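What follows is a short report on a single structure.
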Amino acid sequence: MKKVLFLIFSGLIFIIGCEIDHGIEPIRSSIQGEIQYKGDWPGTPAEVRLIAASKFPPAGVSDLILGETVPPNVQSHQFSFYLKPGTYNVLGVAWREQASTWDILSVCGLYFAGTDSLLPGDITLAHDTSNVKAIKIVVDRSKARRVVNARITGKINFQGTWPDSILEVRVVASSAPTPNVFALLQKPPTLLDLSFSDAITPNSTSANYTINAAPTPYYVTGVIFFRMNRSLSMEDLTYSLKVGGLKLQQIQPVPEDAIAGPDFNIVF
3 MKKVLFLIFS GLIFIIGCEI DHGIEPIRSS IQGEIQYKGD WPGTPAEVRL IAASKFPPAG
63 VSDLILGETV PPNVQSHQFS FYLKPGTYNV LGVAWREQAS TWDILSVCGL YFAGTDSLLP
123 GDITLAHDTS NVKAIKIVVD RSKARRVVNA RITGKINFQG TWPDSILEVR VVASSAPTPN
183 VFALLQKPPT LLDLSFSDAI TPNSTSANYT INAAPTPYYV TGVIFFRMNR SLSMEDLTYS
243 LKVGGLKLQQ IQPVPEDAIA GPDFNIVF
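Following the numbering used here, the numbering of the sequence shown begins with 3 at its first residue and continues without gaps.
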């Protein structure tokens, strides 16, 4: 009888031992590279972190994956960003000023695969041991934007039949000085010059927009149409101009307030 009880007890211990959760497996796939800094911060950083997102443009700060902190006041820094396998459409650096919060505006450096400054580079971690190396991110600290609850607001009316290929619409404001439309098309702004509104769904007849903005002058405001299976490009700026979605108008947002931006009448 004692032998039977011993065997039963031993079997229970074995089963229980097999069901113990030993914790989550550590993430081994990573992106490695170098952050290169220049310029001076516009304020005192509370923290600077690596960021990633699997969607471009991110719908909001909740779409950002916040990584490890990185030193803010060095000339360069070697990093390893451990992420789950997948494709990341955004990789960069974000900063948070003292007594401020995280926002899409916090992004102050991005990885670009080529010379196209309107499109961040995609990085794919194919499996759980993938390591993508030699990635360079440039951070111009002097262009880091402060999050001070400044907003640009306006309204859009849409006329005509929406193209089927449009996934969503954003209103963007550019802080890159732009004297005229020709200069805009010859030298478009970079992503780091742009502030985005929330997404507007296709087939709307009208919509109000709000752009979270930095307390710095903006020179161009535009309605940008994001399409299926196509990256943001100069062609999208030209299309916005064609349908009435680009306006050159200097706007100076102020902290803790909303300022009127241009209204748009889009004719498809």
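Using N, Cα and C, we set each Cβ at its ideal position, and we do this for glycine too. Predicted, not measured: the structure shown is a model, and the values here were computed from it.
Buried or exposed by the 16-neighbour rule on C-beta atoms within 10 Å, applied to residue i
i    : result
T126 : exposed
G247 : buried
G35  : buried
I29  : exposed
V92  : buried
V76  : exposed
A175 : buried
D238 : buried
G156 : buried
Between the CA atoms of residue j and residue i - distance to the nearest angstrom
i    : j    : result
R172 : W97  : 23 Å
V149 : Q161 : 35 Å
S32  : M230 : 29 Å
K244 : Q38  : 38 Å
P264 : S242 : 14 Å
A128 : A201 : 30 Å
W164 : N205 : 6 Å
P44  : P122 : 24 Å
Q1   : I158 : This structure leaves residue 1 out entirely; the chain is present only between 3 and 270.
T203 : P60  : 15 Å
Y211 : G69  : 30 Å
I168 : A209 : 16 Å
E170 : V225 : 11 Å
A115 : F58  : 15 Å
P255 : P74  : 27 Å
A216 : A260 : 11 Å
V109 : L193 : 10 Å
F270 : D166 : 12 Å
N214 : T117 : 27 Å
A185 : R147 : 24 Å
S64  : T103 : 12 Å
N267 : L250 : 15 Å
S233 : A178 : 21 Å
D130 : T71  : 23 Å
A262 : V222 : 13 Å
Opposing strand residues paired with residue i [DSSP bridges]
i    : result
K138 : E36
N267 : N159
S197 : A175
D259 : A152
L52  : V95
A209 : I158
F58  : Beta-bridge pairing links F58 to no other residue.
P73  : According to DSSP, P73 bridges with nothing at all.
I202 : V171
Whole-Å CB distance - residue i paired with residue j, under 8 Å assumed
i    : j    : result
S94  : I154 : Looking at the sequence shown, residue 94 is not Ser but Gly. Between I154 and G94 the Cβ distance is about 23 Å, and since that is not below 8 Å, they are no contact.
I106 : F227 : Actually they do not touch by this definition, with Cβ atoms about 19 Å apart.
S56  : Y84  : Actually they do not touch by this definition, with Cβ atoms about 15 Å apart.
G41  : D142 : 5 Å
L112 : I139 : 7 Å
P257 : N151 : 6 Å
T180 : Q100 : About 32 Å; that fails the 8 Å criterion.
Test: residue i CB closer than 9 Å to a CB of chain E
i   : result
V50 : Among the protein chains of the structure shown there is no chain E, as only one such chain exists.
Is it a yes or a no for the stretch 187–198 touching the stretch 132–140, going by three-plus beta-carbon pairs under 8 Å? Between the stretch 187–198 and the stretch 132–140 there are fewer than three C-beta pairs closer than 8 Å, too few to call the two in contact.
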